[in-house]
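Here the structure is laid out as C-alpha cells; the discussion comes afterwards.
Protein chains: 2
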Amino acid sequence: MTTQEQVLDVARRARQAAAELAPLPRATKDAALHAIADALLARSAEIVEANAGDVARAREAGTSEYMIDRLSLSTERVEKIAAAVRHVASLPDPVGESVRGYTLPNGLELRQIRVPLGVVGIIYEGRPNVTVDAAALTLKSGNAVLLRGSSSAYDSNVALVEVMRSALTDVPADAVQLVPGRDRDSVKYLMRARGLVDVLIPRGGASLINSVVEESTVPVIETGVGNCHVYVDADADLGMAVDILVNAKTQRPSVCNAAETVLVHRDIAADFLPRALEALRGKGVTVHGDEAVRAYGDDVVAATEEDWSNEYLSLDLAAAVVGSLEDAVAHIRRYGSAHTEAIVTTSQSAARRFVALVDSAAVMVNASTRFTDGEEFGFGAEIGISTQKLHARGPMGLPELTSTKYVVTGEGHLKGA
Amino acid sequence: MTTQEQVLDVARRARQAAAELAPLPRATKDAALHAIADALLARSAEIVEANAGDVARAREAGTSEYMIDRLSLSTERVEKIAAAVRHVASLPDPVGESVRGYTLPNGLELRQIRVPLGVVGIIYEGRPNVTVDAAALTLKSGNAVLLRGSSSAYDSNVALVEVMRSALTDVPADAVQLVPGRDRDSVKYLMRARGLVDVLIPRGGASLINSVVEESTVPVIETGVGNCHVYVDADADLGMAVDILVNAKTQRPSVCNAAETVLVHRDIAADFLPRALEALRGKGVTVHGDEAVRAYGDDVVAATEEDWSNEYLSLDLAAAVVGSLEDAVAHIRRYGSAHTEAIVTTSQSAARRFVALVDSAAVMVNASTRFTDGEEFGFGAEIGISTQKLHARGPMGLPELTSTKYVVTGEGHLKGA
Numbered sequence: 001m002t003t004q005e006q007v008l009d010v011a012r013r014a015r016q017a018a019a020e021l022a023p024l025p026r027a028t029k030d031a032a033l034h035a036i037a038d039a040l041l042a043r044s045a046e047i048v049e050a051n052a053g054d055v056a057r058a059r060e061a062g063t064s065e066y067m068i069d070r071l072s073l074s075t076e077r078v079e080k081i082a083a084a085v086r087h088v089a090s091l092p093d094p095v096g097e098s099v100r101g102y103t104l105p106n107g108l109e110l111r112q113i114r115v116p117l118g119v120v121g122i123i124y125e126g127r128p129n130v131t132v133d134a135a136a137l138t139l140k141s142g143n144a145v146l147l148r149g150s151s152s153a154y155d156s157n158v159a160l161v162e163v164m165r166s167a168l169t170d171v172p173a174d175a176v177q178l179v180p181g182r183d184r185d186s187v188k189y190l191m192r193a194r195g196l197v198d199v200l201i202p203r204g205g206a207s208l209i210n211s212v213v214e215e216s217t218v219p220v221i222e223t224g225v226g227n228c229h230v231y232v233d234a235d236a237d238l239g240m241a242v243d244i245l246v247n248a249k250t251q252r253p254s255v256c257n258a259a260e261t262v263l264v265h266r267d268i269a270a271d272f273l274p275r276a277l278e279a280l281r282g283k284g285v286t287v288h289g290d291e292a293v294r295a296y297g298d299d300v301v302a303a304t305e306e307d308w309s310n311e312y313l314s315l316d317l318a319a320a321v322v323g324s325l326e327d328a329v330a331h332i333r334r335y336g337s338a339h340t341e342a343i344v345t346t347s348q349s350a351a352r353r354f355v356a357l358v359d360s361a362a363v364m365v366n367a368s369t370r371f372t373d374g375e376e377f378g379f380g381a382e383i384g385i386s387t388q389k390l391h392a393r394g395p396m397g398l399p400e401l402t403s404t405k406y407v408v409t410g411e412g413h414l415k416g417a
Numbered sequence: 001m002t003t004q005e006q007v008l009d010v011a012r013r014a015r016q017a018a019a020e021l022a023p024l025p026r027a028t029k030d031a032a033l034h035a036i037a038d039a040l041l042a043r044s045a046e047i048v049e050a051n052a053g054d055v056a057r058a059r060e061a062g063t064s065e066y067m068i069d070r071l072s073l074s075t076e077r078v079e080k081i082a083a084a085v086r087h088v089a090s091l092p093d094p095v096g097e098s099v100r101g102y103t104l105p106n107g108l109e110l111r112q113i114r115v116p117l118g119v120v121g122i123i124y125e126g127r128p129n130v131t132v133d134a135a136a137l138t139l140k141s142g143n144a145v146l147l148r149g150s151s152s153a154y155d156s157n158v159a160l161v162e163v164m165r166s167a168l169t170d171v172p173a174d175a176v177q178l179v180p181g182r183d184r185d186s187v188k189y190l191m192r193a194r195g196l197v198d199v200l201i202p203r204g205g206a207s208l209i210n211s212v213v214e215e216s217t218v219p220v221i222e223t224g225v226g227n228c229h230v231y232v233d234a235d236a237d238l239g240m241a242v243d244i245l246v247n248a249k250t251q252r253p254s255v256c257n258a259a260e261t262v263l264v265h266r267d268i269a270a271d272f273l274p275r276a277l278e279a280l281r282g283k284g285v286t287v288h289g290d291e292a293v294r295a296y297g298d299d300v301v302a303a304t305e306e307d308w309s310n311e312y313l314s315l316d317l318a319a320a321v322v323g324s325l326e327d328a329v330a331h332i333r334r335y336g337s338a339h340t341e342a343i344v345t346t347s348q349s350a351a352r353r354f355v356a357l358v359d360s361a362a363v364m365v366n367a368s369t370r371f372t373d374g375e376e377f378g379f380g381a382e383i384g385i386s387t388q389k390l391h392a393r394g395p396m397g398l399p400e401l402t403s404t405k406y407v408v409t410g411e412g413h414l415k416g417a
C-alpha cells in the first residue's frame, strides 16, 4: 500500500471504531483505560527498550539534551504515564451530559446532549507520553484517535500503541491507532481525509500549526503558541508585579503560558523598572527593551520589531513602556497570540477595562500567566490549549472533545403552516 | 483598488469595528437595532426600488418564479424585516454570560464568559432579508459582519446595507459592511482573509458550501444541506407514521429540514406502504423506491444509487425497505448529511437505540423533521443550521455566534514548582 492508502485505511477503520465506541457506557471505557494502564506496567521493559533506540538515534543526530529529555522513557516515567491513564478513568464522562433541556410550548421535549466528535487526529511533538495521554482522553470521551507523533519517537510510539491496543477487548482496538509512516507525507494525507477525520489538533511549534491550518480541509483546532504579556498598571502593587513577572517568565520558560513581554505604564516605570530588572538579572533573564526601558539598565539589549512577536521559550523577555492601559491593549492586539495576558493593578476599574478590551483565551488579574492550564483550571486533564475562537478556547478538557446532538421527542407532532 | 484590496480593506475596517463593538453594553446594541428598524421603515421606498432592478434583471435572465419570489421585496416585506430586527433586540444578549465559574483550591477565582467571535463573514443566497437578519444577529452578539450575498441581489443589498449603516451612531458603522464586487473573486479573497475574519458561514447549496470548506483558510461553519430521513419502525403507530412522513416531505419541500428518504421496517412494510403511497400520491409526491417498495405501487419510480444521497428539495421522495433498525442507521450513516433524522415507533427501546446510534445534528422521536429550526427550538432566531460537529451543531442562535474567554482573578498568585 502507498502511504496515502495506508493513511486512508487507518482513517476508515477509525471511523468504524468510532461508531462502535460512541454508544459504549462509561464503565466499559473506564475498564479499558485501567486495562491499558495494567498493560503499560506489565510491558514497560519492552517500551523502554524501543524508546532506547529512538534516544540513541536522536543523540546520533545531535539533538539537544532538552529534547532528549522530553523523548526519553524510563520505568518510572512509564509508571507515571499509567497513573495518568487511571486518573483519566476517574474523571466524569462528558458523553450524554445534557447541555440544554426544556419542553417547548407545543409539548415537544428538547434536549441537547454531548456526543463524541468521532475521529480525532492529533499531530504532536517528540514526547511519547502524549501518545498515551491523548489516547486516554479521546477514548474516555468516546472518540477514536489517530496518533501522528514526531518521527523521532516513532519506535516508542509503535510500542506504546501496540501495548494499548493489546489491552482493548470490549472497546474496538481500532479506536487507538498510530498513523503509519515516518515521513511528512502521512500528515498531508491526514489533512485531506475530510469525511473520515472529524478534527485535527496540531500541537507543537508555530510552523507546524500554521501549515496544518493552511492546508487542512479537515477542521483544525489551533493550539499552544503563546506570546503572553504581563502589563504593570499605573496602580500596581510593585512588589506583587515583580513577583508575578519573575514567576511568569522564569518558573518554566519553555512552555506556552510563560510570559514573553512585559508592558510597563510610564507613571510607575521609574519605580518599577529598576526593581524588576534587578530581580530578572538575578534569574539570568536577558531583557530586550525599548529606549525607555534601556534607560534603566546597561545590560538591556535593544529590542527589534521581531522581539515584540517572539515566543522566546527561553530566559529572554521583551519589555516596553506604554503611555496608558489602552496602549498596552493595542500592543497586545498587534503582537500577541491571544493566549494569556496578565494585568497587575490595585484598581478595580483598570482590571475591568483590561478584561473587557483584551481579546485572548485567558486574562489574569493579579496572577501569573503560568496558571493557564487544564489541571490548574480544575479540568482534571488537558489535550491542549486552544488559541482560536471556534469550538474551544483556552485549555481543552474532556467536554471540549465532544460535540452535541439535539434529541426531540413528541407524540406525532406535525409542523403547522 | 483591485477586488482583493477592496476585500482586505473592508475586512480590516471590520476588525477595527469589532474591537470597538465587543465591549459595548446591551442597551447600546439594542438602540442601534431599533434605529436600523426605524431607518428600514422610513426608507422602504428606495429599498423596494433598488430591489425592483434586481428582480427585473433576474426575470430577464430567465430565473424561476420560485427564486424571483425569494428575491423580491415589497413594503410589507420590508416591514416584516424591520419587525424581525426589533425581535432580535428583545432577545437576551449572550455576551458576558458566565458559562463556568468557581474558586480554585488555591483561591484563584475562575470565570469563563461569552465574548463575541469578532468578524463574521456570511456568504448567502439571493434572499435580501438574510442581509438584515444576519446583520441584526451579528450586531446583537457583538460581532462585525461582512455580508456577501448573491450577485442577483446586489443592488438590493447595497441599498439595505446603506440604510442600516446610516442608522448607526454609537455603534461603529463598519460593524456592518457589504463585501464589494459582484464577481466570485470577492468570495475567494474573503476565504483567504485569515487573521482578519474569524469565521465564515456559507449558506445555500451544497456546491457553494463544499467549495468554501475546501478552499477557505478562515475557519468555516458548514450549514444547511439536509438529506433528512424518516424511519418507520416495526413498532410504529402507522397512522402517526403516515402523518409525520407526509408533513416532513410536503409541508415545505424546498427547505433543508424536509424529509428526502423514508426507510420502512420490513415487518410493517405490507401494512404501511399502501397507506403511505396513497397519502403521498394525494399530495403529488413522486416516490423513488427500491424493489421492495415498487411492489406496492405501479407509479413508484425505480430508485438509482444517486437517489439515496439526493437532497431533492422538491416533491420527490426516496423510499427503501430495511431489515432492521440497525440497517436503517447504517443507511443513514452511509447516505445522510447528518442534519435531521426521525424515528416513528411506540417502542422505548427502539427509540433509545435510534437516538444513540444516529450521528446527526438532530434526532426526532415521533415528530416531523421540520421542527429542526432555531425558532421552533426556542432560540428566538437562527443564523443557520450547522451540519458539522465543531463549535455548533444544529440550529445556531445568538450564543453560537460567540466564543468564550477565561478571566482568572488572584491576589498575587504565583505558580509553584
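Residue numbers (the UniProt record's numbering), protein chains in the order written: chain A, 1 to 417; chain B, 1 to 417.
Yeah, the Cβ is synthetic: ideal placement off N, Cα and C, and Gly gets one too.
Can you confirm whether B/His391, when its beta carbon is compared against all beta carbons of chain A, has any partner nearer than 8 Å? Taking the first residue of the second sequence as 1, we reach residue 391 of chain B at position 391. Closer than 8 Å to some Cβ of chain A, the Cβ of B/His391 qualifies, so yes.
Among A/Ser166, A/Lys415, A/Arg70, which residue has its Cα nearest to the Cα of B/Pro253? Here the question's residue 253 of chain B lines up with position 253 in the second sequence. Closest option to B/Pro253, Cα to Cα, is A/Lys415.
Give the residues from the region 393 to 413 of chain B that approach chain C closer than 7 Å (Cβ to any Cβ), ordered along the chain. The structure shown has no chain C; the protein chains it does contain are A and B.
So, is the C-beta of B/Val119 closer than 8 Å to a C-beta in chain A? For the purposes of this step, residue 119 of chain B is taken as residue 119 along the second sequence, with counting starting at 1. Not a single C-beta of chain A is nearer than 8 Å to the C-beta of B/Val119.
For the beta strand (DSSP E) holding B/Glu411, just list the boundary residues, first then last. Position 411 of the second sequence, counting from 1, holds the residue named residue 411 of chain B. Looking at the DSSP string, the run of the beta strand (DSSP E) that includes B/Glu411 is 402 to 413.
Taking 8 Å as the cut-off, does the region 81 to 98 of chain A touch the region 35 to 50 of chain A (at least 3 CB pairs, one atom from each stretch)? Output reads yes: the region 81 to 98 of chain A touches the region 35 to 50 of chain A.
Let's see if you can read the secondary structure: which residues bound the beta strand (DSSP E) around A/Val145? Start at 1 with the first residue of the first sequence, and residue 145 of chain A comes out as number 145. Note, A/Val145: beta strand (DSSP E), 144 to 148.
Cβ of A/Ser186 within 8 Å of Cβ of A/Val176? Stepping through the first sequence from its first residue, residue 186 of chain A is reached at position 186. Stepping through the first sequence from its first residue, residue 176 of chain A is reached at position 176. No, Cβ-Cβ distance for A/Ser186 and A/Val176 is not below 8 Å.
Whose C-alpha, out of B/Ile122, B/Ser386, B/Ala319, B/Ile36, is nearest the C-alpha of B/Ala173? Indexing the second sequence from 1 puts residue 173 of chain B at position 173. Here the closest residue by C-alpha is B/Ile36.
Tell me which residues share the same chain as A/Asp373 and place their Cβ nearer than 7 Å to its Cβ, disregarding the 5 neighbours each side in the sequence. Within the first sequence, the letter at position 373 stands for residue 373 of chain A. Taking A/Asp373 as the centre and dropping the five residues before and after it, the same chain places the C-beta of Asn257, Glu382, Pro395 closer than 7 Å to its C-beta, in chain order.
By the criterion of Cβ-Cβ separation under 8 Å, what are the contact partners of B/Val225 in chain A? On the second sequence, position 225 is the one that residue 225 of chain B refers to. The contacting residues do not exist; B/Val225 stays about 13 Å from chain A at best.
Please state the DSSP three-state secondary structure of B/Gly53. By one-based count along the second sequence, residue 53 of chain B stands at place 53. B/Gly53 carries a helical assignment under DSSP once its states are collapsed to helix, strand and coil.
Give a yes or no on whether the C-beta atoms belonging to A/Val212 and A/Val220 are separated by under 8 Å. Indexing the first sequence from 1 puts residue 212 of chain A at position 212. Indexing the first sequence from 1 puts residue 220 of chain A at position 220. Closer than 8 Å, so yes.
Which residues DSSP lists as bridging A/Gln177, in chain order: One-based indexing of the first sequence puts residue 177 of chain A at position 177. As DSSP reads the structure, A/Gln177 sits in a beta bridge with A/Leu146.
CB of A/Pro23 within 8 Å of CB of B/Ala356, strictly: Within the first sequence, numbered from 1, the residue matching residue 23 of chain A stands at position 23. Within the second sequence, numbered from 1, the residue matching residue 356 of chain B stands at position 356. Yes. Within cutoff.
Give the DSSP bridge partners of B/Arg111, in chain order. In the second sequence, counting from the first residue as 1, residue 111 of chain B sits at position 111. According to DSSP, which records beta bridges pairwise, B/Arg111 is partnered with B/Gly101, B/Val407.
Which term fits A/Tyr296, buried or exposed, when burial requires 16 or more other beta carbons within 10 angstroms of its beta carbon? For the purposes of this step, residue 296 of chain A is taken as residue 296 along the first sequence, with counting starting at 1. By the 10 Å Cβ count, A/Tyr296 comes out buried.
Please list, in chain order, the chain A residues whose beta carbon lies closer than 9 Å to that of B/Arg370. Numbered from its first residue, the second sequence carries residue 370 of chain B at position 370. Chain A residues near B/Arg370: Leu414, Lys415.
Closest Cβ-Cβ distance between A/Leu238 and chain B: below 8 Å? Taking the first residue of the first sequence as 1, we reach residue 238 of chain A at position 238. Cβ-Cβ to chain B under 8 Å: no for A/Leu238.
Member of A/Ala241, A/Ala14, A/Val99, A/Leu40 whose CA lies at the smallest distance from the CA of A/Leu139: Indexing the first sequence from 1 puts residue 139 of chain A at position 139. Nearest C-alpha to A/Leu139: A/Ala14.
Check whether B/Ala279 and B/Val246 have beta carbons under 8 Å apart: Position 279 of the second sequence holds residue 279 of chain B. Position 246 of the second sequence holds residue 246 of chain B. Taking C-beta atoms as the reference points, B/Ala279 and B/Val246 count as a pair closer than 8 Å.
From the DSSP output, in three-state form, read off B/Ala392 for me. Translated into positions along the second sequence, residue 392 of chain B becomes position 392. If DSSP states are grouped into helix, strand and coil, B/Ala392 belongs with coil.
In three-state terms, what does DSSP make of B/Leu200? Working through the second sequence from its first residue, we reach residue 200 of chain B at position 200. Residue state, collapsed to three classes: strand.
Using CA atoms only, rank isn't needed, just tell me which of A/Glu60, A/Ser72, A/Ser141 is closest to A/Pro399. Position 399 of the first sequence, counting from 1, holds the residue named residue 399 of chain A. Nearest neighbour of A/Pro399 by Cα position, chosen from A/Glu60, A/Ser72, A/Ser141, turns out to be A/Ser141.
Please report the straight-line C-alpha distance between B/Ile68 and B/Ser152, rounded to a whole angstrom. Walking along the second sequence from the start, residue 68 of chain B turns up at place 68. Walking along the second sequence from the start, residue 152 of chain B turns up at place 152. Rounded to the nearest angstrom, the two C-alpha atoms are 10 Å apart.
Which class does B/Thr330 belong to by DSSP, given the choice of helix, strand or coil? As a first step, residue 330 of chain B must be located in the second sequence, where it is residue number 330. The sequence given here has Ala at residue 330 of chain B, not Thr. Three-state DSSP puts B/Ala330 in a helix.
Just the chain A side, please: which residues come within less than 7 Å of B/Thr217 by C-beta, in chain order? For the purposes of this step, residue 217 of chain B is identified with residue 217 of the second sequence, where counting begins at 1. Within 7 Å Cβ-Cβ: Val213, Glu214.
Would you kindly report the start and end of the unbroken beta strand (DSSP E) that includes A/Thr261? Mapped onto the first sequence, residue 261 of chain A falls at position 261. Per DSSP, A/Thr261 belongs to the beta strand (DSSP E) from 259 to 265.
Of all the CB atoms in chain A, is at least one closer than 8 Å to the CB of B/Gly284? Your numbering for residue 284 of chain B matches position 284 in the second sequence. Taking CB atoms only, B/Gly284 has no neighbour in chain A less than 8 Å away.
Beta-carbon contacts of B/Ala39 that lie in its chain and below 8 Å, excluding the five residues immediately before and after: Here the question's residue 39 of chain B lines up with position 39 in the second sequence. So the list reads Val163, Met164, Ser166, Ala167, once near-sequence residues are dropped.
Where the beta strand (DSSP E) through A/Tyr231 begins and ends: Counted from its first residue, the first sequence places residue 231 of chain A at position 231. It spans 228 to 232 - the beta strand (DSSP E) in which A/Tyr231 sits, taken as one unbroken run.
How far does the beta strand (DSSP E) with B/Asn366 in it extend, from its first residue to its last? As a first step, residue 366 of chain B must be located in the second sequence, where it is residue number 366. Start and end: 362 to 367.
Just tell me which of B/Ala417, B/Ser150, B/Val408 has its CA closest to the CA of B/Leu104. Residue numbering aside, residue 104 of chain B sits at position 104 when the second sequence is read from its first letter. Here the closest residue by C-alpha is B/Val408.
Contiguous alpha helix (DSSP H) assignments of at least 4 residues, all confined to the region 2 to 76 of chain B: Here the runs fully enclosed are 3 to 21, 26 to 42, 44 to 60, 65 to 71.
Which of helix, strand or coil DSSP assigns to B/Val344: For this step, residue 344 of chain B is matched to residue 344 along the second sequence. It is a strand residue.
Partner residues on chain A for B/Asn143, Cβ-Cβ distance less than 9 Å: Against the second sequence, residue 143 of chain B aligns to sequence position 143. Near B/Asn143 there are no residues of chain A at all, since even the closest Cβ is about 10 Å away, more than 9 Å.
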